[in-house]
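These notes concern the structure reproduced below.
4 protein chains.
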Amino acid sequence: MSDVKKVVLAYSGGLDTSVIVKWLQEEYQCEVVTFTADLGQGEEVEPARAKAQALGVNEIYIEDLREEFVRDFVFPMFRANTIYEGEYLLGTSIARPLIAKRLIEIANETGADAIAHGATGKGNDQVRFELGAYALKPGVKVVAPWREWDLTSRETLMQYCEDHDIPVDFSTKKKKSPYSMDANLLHISFEGDQLEDPWVESEEDMWRWSVSPEQAPDTPTYIEIDYDQGNPVAINGEQMSPATILETLNKIGGENGIGRIDIVENRFVGMKARGCYETPGGTIMLRAHRAMESITLDREAMHLKDELMPRYAKVIYNGFWWSEERRMLQALIDASQEFVSGTVRLKLYKGNIEVVGRKSPYSLFDSAVATFEDDAGAYDQKDAAGFIKLNALRMRIAAQKGRTFLDRDDK
Amino acid sequence: MSDVKKVVLAYSGGLDTSVIVKWLQEEYQCEVVTFTADLGQGEEVEPARAKAQALGVNEIYIEDLREEFVRDFVFPMFRANTIYEGEYLLGTSIARPLIAKRLIEIANETGADAIAHGATGKGNDQVRFELGAYALKPGVKVVAPWREWDLTSRETLMQYCEDHDIPVDFSTKKKKSPYSMDANLLHISFEGDQLEDPWVESEEDMWRWSVSPEQAPDTPTYIEIDYDQGNPVAINGEQMSPATILETLNKIGGENGIGRIDIVENRFVGMKARGCYETPGGTIMLRAHRAMESITLDREAMHLKDELMPRYAKVIYNGFWWSEERRMLQALIDASQEFVSGTVRLKLYKGNIEVVGRKSPYSLFDSAVATFEDDAGAYDQKDAAGFIKLNALRMRIAAQKGRTFLDRDDK
Amino acid sequence: MSDVKKVVLAYSGGLDTSVIVKWLQEEYQCEVVTFTADLGQGEEVEPARAKAQALGVNEIYIEDLREEFVRDFVFPMFRANTIYEGEYLLGTSIARPLIAKRLIEIANETGADAIAHGATGKGNDQVRFELGAYALKPGVKVVAPWREWDLTSRETLMQYCEDHDIPVDFSTKKKKSPYSMDANLLHISFEGDQLEDPWVESEEDMWRWSVSPEQAPDTPTYIEIDYDQGNPVAINGEQMSPATILETLNKIGGENGIGRIDIVENRFVGMKARGCYETPGGTIMLRAHRAMESITLDREAMHLKDELMPRYAKVIYNGFWWSEERRMLQALIDASQEFVSGTVRLKLYKGNIEVVGRKSPYSLFDSAVATFEDDAGAYDQKDAAGFIKLNALRMRIAAQKGRTFLDRDDK
Amino acid sequence: MSDVKKVVLAYSGGLDTSVIVKWLQEEYQCEVVTFTADLGQGEEVEPARAKAQALGVNEIYIEDLREEFVRDFVFPMFRANTIYEGEYLLGTSIARPLIAKRLIEIANETGADAIAHGATGKGNDQVRFELGAYALKPGVKVVAPWREWDLTSRETLMQYCEDHDIPVDFSTKKKKSPYSMDANLLHISFEGDQLEDPWVESEEDMWRWSVSPEQAPDTPTYIEIDYDQGNPVAINGEQMSPATILETLNKIGGENGIGRIDIVENRFVGMKARGCYETPGGTIMLRAHRAMESITLDREAMHLKDELMPRYAKVIYNGFWWSEERRMLQALIDASQEFVSGTVRLKLYKGNIEVVGRKSPYSLFDSAVATFEDDAGAYDQKDAAGFIKLNALRMRIAAQKGRTFLDRDDK
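Residue numbers (the working numbering), protein chains in the order written: chain A, 1 to 411; chain B, 412 to 822; chain C, 823 to 1233; chain D, 1234 to 1644.
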C-alpha cells in the first residue's frame, strides 16, 4: 500500500463510493477530494455535495460536463461510425477518458498525489480510468479499493456502513435493481444477475430508457437531422447544442423502441461478459451519419475509414483514448469530414430506423452519370471494357500459366 | 469486333437477353449457347428452354444451382459477417462468380470461345461476370452487347424485336415494374426510376419479398438456429439443406418485415448509385452468426476477422471472388470457424431481430470468471493492477518526458 | 479523337517528346504549350527552350521545381518510411503528381483544354499523370500519343523525324543507353533491354549515380543527420534546404556504393516488370528516419504507421496522390511526427548503412527503466506477472474448455 | 507463493539457471525437472546433464530440436517475410514458443504442475514463455525466479552460489562477455552494458557470428537457393534439411559480413530497449524469399501479405504464437505459397546481398506482355485509357462538384 497524501475520488454519491471515501480516509489516512460529474446519467449530482460533506470532505467538485462530453468525445467517435464487435456503441467506454482527465486536472489543482475510483478489478473501467490517469500524470498514484479491500460481499459492505455511520438509505432507489448499471447521455448499461446466463432472455422491466418495440406507437415518426462537417447540428431544422441534440434523439428514439442491444462482449482483461445496452440517440446518429456520408464521402475515403474503424473502436474500448494511436486515427477520420454536411431524413417505427432521404450541397451522387436513362455522354460505357481488361490482366496471366481455380479444391 | 465462333450467353429468358441471342447471331454470325440458372430468383427457369429454341438455339443449359449457390458462395461469405459499406449484404455480388464459373465450364464443354451477358456498361455486374470469366479461362472472348450496340432506348429495342420477330409479350409481367431488379435466394434488389433521387422515399409497393414492419404481425416470432462450424444447419431443431435454410429464413423474415435497406452505394466503376434491397433471411443469418461467434470465438480471432471484413467485402463486391486474395482471406476466416457451433435464439418482431439467447458446447463464456458474485478464485483482481501498469508504461514514460495531452490542442 | 484546341505537353526536350509536339500539331491541329521541369534529373532544362521554339511552340514553361519536389512530395512520403513491395522507394511515382499539378495549373493559366505526356500505354506513369490531371481538372482532355499513334518502332519514329525535319542528333547522348530511364532528385531507374529476362544479372556499366560496392572507398564515411519533426534539416551539423539535403546525400551515398536495387515489381496495369533503381540519398534517409523514430516515436504510433505504410505506398505507386485517401493517410502520418527530432549517426561503407547512434531531446528511451542494472524502482517486475496473466486469460479459458493446440494439426 | 510439487525448468546449464534449480528446490520444496534444448545456439548441451545431476535433478531432458525449430517455426515465419519494426528478424521471439511447448509436454509426461524459466521481469521472453505455457496447459503454475527473488545483483548471486556449493567456474567462458546474449540457429543477440546508451556505437569485438563488412573477402560470393512452396530446399543445387539450410546460410553470410543490425526496439512490456543482432542466414533468406515471390506471387496476394505482416510480426514478438490469431494469419500466408517455387541467385559481398537472378516454372513474369518491343498483341494499350478513365471517375465527379485540391491547403 503506497503512501498517499491526498486523493481525488470519482464520486457518484452512491453507497459504494461513499464507503470508499471513508475507507480511503481510514486506510490511507489521507485527505479525500470528491469529483462528481453530470454526464447526463439522469440523476441529480448536486445531492452529492451534502453527502460528501457529511463524510468530512472539504474539497468537493460537482460539474456539468454534458456539453464537453458530447462535443469532444461522443461526436468525434461517431464521426468514425464506431462500433465494437459489430454491436456495441461504446457508451460506457467513451465517458471514462473525460472523467480521467478531470480527475487529473483536479489533482493538479488541489495538489493531490493520487486518484481513486469505484470500478472493480474484473472490468474494463478500471483500465480506462487508470490508463487515462497515467497518460495525463505519469507519477500519479492510483487507488482501486475494489482490488484491495475485503468488502467484497454486500454483507461486509453493509457491516462497514454500520460500523462507520454511513447512511445506507440514500441509495435505496438505485439498489432496487439487481443489475450493475452505468449511464450517461449516450447510453445506460446493464450487467450481472440473470444476465450471467447468456441463454436467458432479459426481462422487460430491466430496460429504463426505451419502450419495447411492442409498446412503441403504431404510427411512424419522421425526423430530419442536419449535419455540418460530420456532426449533427439540428433536428427538424432546429439548431441545437451537442448535448441537446443527443438528449432530443434519446427521447425520440426511446419513445419509438429504438436502441436496445443484448450482447456477449470481449473485455480487455480477457473474459467474455454479457451486457444489455440502451442507446436510443446513438443508434439513430450512427445510421444518420452513415447515410450522410453515403452521398458526400469519396468511396476510398469511406472504405479506409471502414477498415480502420474496428481498430479505432478497440482503442477506445480498451481505454487508450489518451494515446498517440487514437490521436493519429482521429486525424485521419477528421480529415475526411470536411464535406459531410447536409440533411438526412429518417423514419422511426417500433425499433426500426429507415433512412428515407439524404441530400447535401456537397453531394457526390451524380444522377447524370448513374442514370439508367440517356446520360448525354456523361459516362462512356466503352471505358468499362478497358477497365475490366486491365483489372483482369494479372489473373489472365496467372491462368495462362496454368493456375486455374477450376481444378483447385477451393473452399 | 472480335471474331467469335460460339458464345455462351447468361440467358434469363426475358426480353433483353432474348434480343441479345438474336443480336449475337446476327452481328457475330456465331452460334449461341444459352445458360439459364435457378438461383432462387423466384421465377420458373424451364420456360427459357422453349424461348431459346424459338430463337434457334441448339445447346440449352438450364440448371438448378440453388444448393451450390448457398453452400459454396453464400455461406462462406456469411462466415465473415460480410457487409459492404456498413449496410449492403452483397446479394447480387455473390451470385455472379457462380454464373461466371458455369459460363466458362459450359464454354469448355461446348467448345465455345466466348461468353456474353446482359449487364450494362455502368454497373458492377459486367465487372463481376468478366473478371470471373477471364480468371477461369484467360483466352475467352467477352461480348457485352450493352456496351456495343445502339439499342440503348426502350423504343429501339422494341423496334429490333419487331424487325426480328421476337415475341415481346413473354416478359410482360416483369416489365410492369419501373425498377431494374435482380433476385436470387439471398435477396432482391431495386434500382432506377424514382430511386434516382436519393431524397425521395421508396414506394411501399416496390417491395416484393417482405411486408413492411407496419404490416407485420403484432406478436413476435421466436426461432432457434443451430450452427455447425460457422454454418446454419437447422431451424427450430429441424435439420435442413443450405438452400432450404435460406428459403425458410426468407419466409419467416419476410413475414416479420425484416431485411429491407435503402442505401446509396459506391460502385467499382466509380459512381454512386441508389439501391433498395430485401434480404430477409440474410439479415437474420448475419445477426445469428455474430451471436454464435460472440460466445465461441476468441477475442483476437474476432477482431482480426472484423478488421479484414471490409476488405473481404470489397473483394467480393468488386468481382474478385476468383482471385488469390479472396482465397487467402477465406482461408483465414475459415480457420476461425471450427468451434462456431451451437444454438442462437432470436425474437423477430416487425422488422426487429433481437438476440435473446445463445448456447454452445464450445462456449468460451465463463460465468465463473465473469461473475459479479464470488468467483472462488477463478480470477485474481490484483493481476489487473500489473496489467494496467505495464499497458500504461509507454504512455507514462512519454508523459514523464514532457509529452502531455493536457497542453496539446487535441481534437 | 477528341477536339483539342490547346494542349500542355510534359516536354523533356528529348527526341520522343519532340516528335509528340509535331504530332500533336499535325493530328489535333492544336496549339502546343510545352512544360519542362527541373526535378533534379541531372540534365539541363534550359536547352528545351530552343528546341521547343524550333518546333513552333509559343508558350514555353521551364521551371526549377527541385525544392517543391523534395519538400512537398519526397519528404512527406519519407515521413511514412514508404516502400513498395518491400524494396522500391517510389522514385518515379512521387515525381508524377507534381508534374500533373503543374500541367493543370499551366492549362488553367493558358486556357488550354488538354494535357499530353510521353508515357507508354503499358506503364504506370500514364496512370499517374492522368489520374492527377483528372482529379485537378475534371473536364480536361488527355492525349497520350503512345496509346494512339502508329510510331511504335524506332524505325517509324525516325522516319517521322526525317519527314518532319525534326533534328535527331540532339538526343544522341541519352540514346546511347539501351535502357528506358527516368531520373529525378530521388532516383534514376532502368528498364527494358536485357533486364527483360529476370534471370540475367544487370551490367555494371548500366548504373549511373553510384559506384559499385566493390569500387567504393575502403574506409567508411560517418555522417550525422539532424531531423526536425520528421524531416532531415542538416547534415554533419550544416543546415540545408530540402533539395540540398537530398543532393548531398545522393553524392555521399553514391560514392559509397549505396542504394542500388534490382527487382521485379507489380504494375498497376496488371503486369510484372523488371526494374533497376539507384536511390542513394533516399536509401540513407529511409534508414535514418526509422532510426530517429526508434527513440522518439510511441510504440503503437510506430506500429500503426507500419501497418498502413504498404497501403500508403500503393496509393502513391498507383497514382492516387491527389486523392482523399492519400490526404487522410498523410494526416495520420503527420500527426505522429511532432517529436521526431534529433540526430542520427550513420556509418556508410561499400553499400552498407549502419546506424551507429541516435539521440534526441525528445527521446523515449529510458535507460533507467530498461537497464539490466539496478533501476531504483523505476519498474516493478512484479507487475509483469499480472500483465501476463491477464494477457493469457482468454487463451487459458479456451484451453480449459478443451481447445488445445497440442492435439491440433497446427502448421 | 503458490504450492508447487514438481516444476520443469528451462535449463541452459549456465550459472543463472543452475542457481534457479537450487533456489526452486529450497524455496518451493519441490522436485525440479530440467529441460535443455539444442536450438543451434552453438554450445554443447550434453554437459548440462552432469550439472543437473550434481544439483540433485533426477529427470533430465536434453534434446536436439534444431530441425523442428527451423521447419515448424522459422520457415513458417519467413514465408511471411516477417520483420518487426522494420528491422528485427525475431530471432529470439521465434524460439520461445517451441521451448514453451516442450516444457508443457514434459510437464504432462512427468506429472509436473509447474514450469520455470530464467527470464527477467523486464523483458519479452518471460511473456513469450508464459503465454505459451498458459495457452497449452491452462492450469499450469509458472515460477519466474527473477521476478520473485532478491538475488538481483551479481554479488548476491555469487554469495548464493557459495552458500549452496554451486560451482561458479563452469560458466566462466560465457561470462567474459559483458552483454546479455541469446542465441539459436536463427541469430545471436546482444543487450546491456554500453549498448544502454543508444548514441554509443557497438564495439567490433562484441560480434560473434559474422566478420565486419570491412573484414569480409574482397571478392563476391554467388549462391543459388532453390525454393519449394515458399521454403528453401537447396543451396547451389544441393538438397538440404531445414536446419542444414540455415546453418549453411549462416556460415556463408557470416563470412561475407551479412546480417548485423543495431536497433532500438519497443518491448511488449512497454519500454524501449537497444539490441544488436547477427542474423546472417535469416537476412539472406528474407531477401531470397521476397525475390522468389516477386516472380511467382500474384500482386494482390503479395500486397495482402505485406499489409498483414507487421501484425503477424507483432503477434510473434509479443509471444502469441500459440494463439488463434497466429493460426489464422498463418493459414492466410500459407494459402499464398503453393507456387512460390524456383531459384534465386544472389551476390554476397561485404555485407551486401544483391538479387541478381530469379527463375521459376511458375513465373508470372510475362515478357511478352511487359516488353518495350513489339508484343504481338499480348496487351492492347488502348485498354489503358478506359482503365484510367474509370479509376478517375470518382475524383472527376468530386472535382466537378467543386472539391479541388488546388485550392486546398494540402500538406
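Backbone N, C-alpha and C fix where the C-beta goes; we use that ideal spot for every residue, glycine too.
Review point. Leaving out five residues before and five after LEU195(A) in sequence, what residues of the same chain have Cβ atoms less than 6 Å from its Cβ?
Key: As a working mapping, residue 195(A) is identified with position 195 in the first sequence. These residues qualify, in order along the chain: ARG274.
Check your understanding: CB VAL1166(C) to CB ILE988(C), shorter than 7 Å?
Key -> In the third sequence, the residue the question calls residue 1166(C) occupies position 344. In the third sequence, the residue the question calls residue 988(C) occupies position 166. No. Outside cutoff.
**Study point:** Inter-residue spacing [alpha-carbon to alpha-carbon] between PRO1064(C) and ASP1128(C)
**Key:** Position 242 of the third sequence, counted from the start, is the residue given in the question as residue 1064(C). Position 306 of the third sequence, counted from the start, is the residue given in the question as residue 1128(C). Spanning the two alpha carbons is a distance of roughly 24 Å.
Point to revise | Identity of the residue in LYS1547(D), LYS1284(D), PRO1411(D) and ASN1341(D) nearest TRP1440(D) by Cα | key: Within the fourth sequence, residue 1440(D) is the residue found at index 207, counting from 1. For the residues LYS1547(D), LYS1284(D), PRO1411(D) and ASN1341(D), the minimum Cα distance to TRP1440(D) belongs to PRO1411(D).
Practice item. Give the secondary structure of LYS1355(D) by DSSP, where H, G and I count as helix, E and B as strand, and everything else as coil. Key: Residue numbering aside, residue 1355(D) sits at position 122 when the fourth sequence is read from its first letter. DSSP places LYS1355(D) in coil when its eight states are reduced to three.
Review point. In chain B, which residues lie less than 7 Å from MET1561(D) when you measure between Cβ atoms?
Key: Residue numbering aside, residue 1561(D) sits at position 328 when the fourth sequence is read from its first letter. Neighbours of MET1561(D) on chain B, chain order: ALA712, LEU715, LEU743, ALA746 and SER747.
Check your understanding: Would you say SER824(C) and LYS963(C) are within 7 Å of each other, going by their C-beta atoms?
Key -> For the purposes of this step, residue 824(C) is taken as residue 2 along the third sequence, with counting starting at 1. For the purposes of this step, residue 963(C) is taken as residue 141 along the third sequence, with counting starting at 1. In this structure, LYS963(C) lies closer than 7 Å to SER824(C) by Cβ.
**Study point:** CB of ASN823(B) within 7 Å of CB of GLY351(A), strictly
**Key:** Nothing about residue 823(B) can be read from this structure; chain B reaches only from 412 to 822.
Point to revise | 8 Å Cβ cut-off: residues of chain B touching TRP322(A) | key: Counting from 1 along the first sequence, the entry for residue 322(A) is found at position 322. Under the 8 Å cutoff, chain B gives MET806 and PHE816.
Exercise for review: Buried or exposed for LYS173(A), please, with buried defined as at least 16 other CB atoms from any protein chain shown within 10 angstroms of its CB.
Suggested key: For the purposes of this step, residue 173(A) is taken as residue 173 along the first sequence, with counting starting at 1. In this prediction, LYS173(A) has a pLDDT of 46, which is less than 50 and means its spatial position is unreliable; nothing more can be read from the coordinates.
Review point. Are the beta-carbon atoms of VAL1240(D) and CYS1263(D) separated by less than 7 Å?
Key: On the fourth sequence, residue 1240(D) is found 7 positions in, with the first residue counted as 1. On the fourth sequence, residue 1263(D) is found 30 positions in, with the first residue counted as 1. Yes, these two residues count as a Cβ contact at 7 Å.
Check your understanding: What do you reckon, are the CB atoms on GLN1563(D) and GLY1463(D) nearer than 7 Å?
Key -> As a working note, residue 1563(D) is residue 330 in the fourth sequence. As a working note, residue 1463(D) is residue 230 in the fourth sequence. In this structure, GLY1463(D) does not lie closer than 7 Å to GLN1563(D) by Cβ.
Exercise for review: Kindly indicate the opening and closing residues of the beta strand (DSSP E) around GLY753(B).
Suggested key: Mapped onto the second sequence, residue 753(B) falls at position 342. Here the beta strand (DSSP E) through GLY753(B) covers 753 to 760.
Check your understanding: Between which two residues does the alpha helix (DSSP H) harbouring CYS1263(D) extend?
Key -> One-based indexing of the fourth sequence puts residue 1263(D) at position 30. Counting along the chain, CYS1263(D) falls outside any alpha helix (DSSP H), and DSSP gives it neither H nor E.
Check your understanding: Rounded to a whole number of angstroms, what is the C-alpha to C-alpha distance between LYS1238(D) and ALA1287(D)?
Key -> As a position in the fourth sequence, residue 1238(D) is number 5, starting the count at 1. As a position in the fourth sequence, residue 1287(D) is number 54, starting the count at 1. The straight-line gap from Cα to Cα measures roughly 20 Å.
Review point. Helix, strand or coil: how does DSSP classify SER1412(D) here?
Key: Taking the fourth sequence and counting its residues from 1, one reaches residue 1412(D) at position 179. At residue 1412(D) the sequence reads Tyr, which differs from the Ser that was named. Residue state, collapsed to three classes: coil.
Review point. Is the stretch 1303 to 1323 of chain D touching the stretch 1494 to 1503 of chain D in the sense that three or more CB pairs, one from each, lie closer than 8 Å?
Key: yes
Exercise for review: In the DSSP assignment, find the alpha helix (DSSP H) that holds ASP561(B) and state where it starts and stops.
Suggested key: On the second sequence, residue 561(B) is found 150 positions in, with the first residue counted as 1. Note, ASP561(B): premise wrong, no alpha helix (DSSP H); not H, not E.
Review point. How many Å lie between ASN1058(C) and TRP1432(D) at the Cα?
Key: Taking the first residue of the third sequence as 1, we reach residue 1058(C) at position 236. Taking the first residue of the fourth sequence as 1, we reach residue 1432(D) at position 199. About 15 Å.
Point to revise | For LEU596(B), three-class secondary structure by DSSP | key: As a position in the second sequence, residue 596(B) is number 185, starting the count at 1. Three-state DSSP puts LEU596(B) in coil, outside helix and strand.
Check your understanding: Smallest Cα separation from VAL766(B): which of ASP791(B), ILE695(B), GLU559(B) and ALA421(B)?
Key -> The count along the second sequence starts at 1 and reaches residue 766(B) at position 355. Among ASP791(B), ILE695(B), GLU559(B) and ALA421(B), the Cα nearest to that of VAL766(B) belongs to ILE695(B).
**Study point:** Terminal residues of the beta strand (DSSP E) in which PRO643(B) lies
**Key:** Counting from one through the second sequence, the residue named residue 643(B) turns up at place 232. Where PRO643(B) is concerned, the enclosing beta strand (DSSP E) stretches over 642 to 646.
Review point. Rounded to a whole number of angstroms, what is the C-alpha to C-alpha distance between ARG1207(C) and GLN792(B)?
Key: Here residue 1207(C) refers to the residue found at position 385 of the third sequence. Here residue 792(B) refers to the residue found at position 381 of the second sequence. For clarity, residue 1207(C) is Ala in the given sequence; the question names Arg instead. In a straight line, the C-alpha of ALA1207(C) is about 12 Å away from that of GLN792(B).
Check your understanding: What do you get for ALA936(C), buried or exposed, if any count of 16 or more other CB atoms within 10 angstroms of its CB means buried?
Key -> The count along the third sequence starts at 1 and reaches residue 936(C) at position 114. By the neighbour-count rule (16 or more Cβ atoms within 10 Å), ALA936(C) is buried.
Check your understanding: Are the beta-carbon atoms of ASP1040(C) and GLY940(C) separated by less than 7 Å?
Key -> Within the third sequence, numbered from 1, the residue matching residue 1040(C) stands at position 218. Within the third sequence, numbered from 1, the residue matching residue 940(C) stands at position 118. No, the Cβ-Cβ distance between ASP1040(C) and GLY940(C) is not below 7 Å.
Exercise for review: Return the CA-CA distance between ASN1341(D) and GLU704(B), expressed in angstroms with no decimal places.
Suggested key: By one-based count along the fourth sequence, residue 1341(D) stands at place 108. By one-based count along the second sequence, residue 704(B) stands at place 293. Spanning the two alpha carbons is a distance of roughly 31 Å.
Practice item. Label PRO280(A) either buried or exposed according to how many other C-beta atoms from any shown protein chain fall within 10 Å of its C-beta, with 16 as the threshold for buried. Key: Taking the first residue of the first sequence as 1, we reach residue 280(A) at position 280. Buried, because 16 or more other Cβ atoms sit within 10 Å of the Cβ of PRO280(A).
**Study point:** Length of the line joining the Cα atoms of ALA1056(C) and VAL855(C)
**Key:** Within the third sequence, residue 1056(C) is the residue found at index 234, counting from 1. Within the third sequence, residue 855(C) is the residue found at index 33, counting from 1. Computed Cα separation, rounded: 39 Å.
Point to revise | Neighbourhood of GLY451(B) by C-beta distance below 6 Å, restricted to the same chain and skipping five residues each side | key: Within the second sequence, the letter at position 40 stands for residue 451(B). Cβ within range, chain order: ARG477, ASN595 and LEU596.
**Study point:** chain C contact residues for ASP777(B), given Cβ-Cβ distances below 7 Å
**Key:** Counted from its first residue, the second sequence places residue 777(B) at position 366. Within 7 Å Cβ-Cβ: ILE1219.
Point to revise | chain C within 7 Å of LEU801(B), Cβ atoms only | key: Locating residue 801(B) in the second sequence gives position 390, where the first residue counts as 1. Chain C, which has a Cβ nearer than 7 Å to the Cβ of LEU801(B), makes this yes.
Practice item. With 7 Å as the threshold, decide whether the Cβ of VAL962(C) is near any Cβ in chain A. Key: Locating residue 962(C) in the third sequence gives position 140, counting from the first residue. Answer no: the Cβ-Cβ gap between VAL962(C) and chain A never drops below 7 Å.
Practice item. Quickly, what does DSSP pair VAL1588(D) with across the bridge? List them, please. Key: On the fourth sequence, position 355 is the one that residue 1588(D) refers to. BP columns for VAL1588(D) point to LEU1579(D).
Practice item. Would you mind sorting ARG133(A) into buried or exposed? The rule is 16 or more other CB atoms within 10 Å of its CB. Key: The residue you call residue 133(A) lines up with position 133 of the first sequence. The question names Arg, yet the displayed sequence has Ala at residue 133(A). Buried, since its Cβ has 16 or more Cβ neighbours within 10 Å.
Check your understanding: Mind pulling the beta strand (DSSP E) runs of 3 or more residues that sit fully within the stretch 653 to 725 of chain B?
Key -> 671 to 677 and 683 to 689
Point to revise | Given MET1561(D) as reference, the closest of THR563(B), ASP745(B), ILE706(B) and GLU736(B) once Cα atoms are compared | key: As a working mapping, residue 1561(D) is identified with position 328 in the fourth sequence. Of THR563(B), ASP745(B), ILE706(B) and GLU736(B), the residue nearest in Cα terms is ASP745(B).
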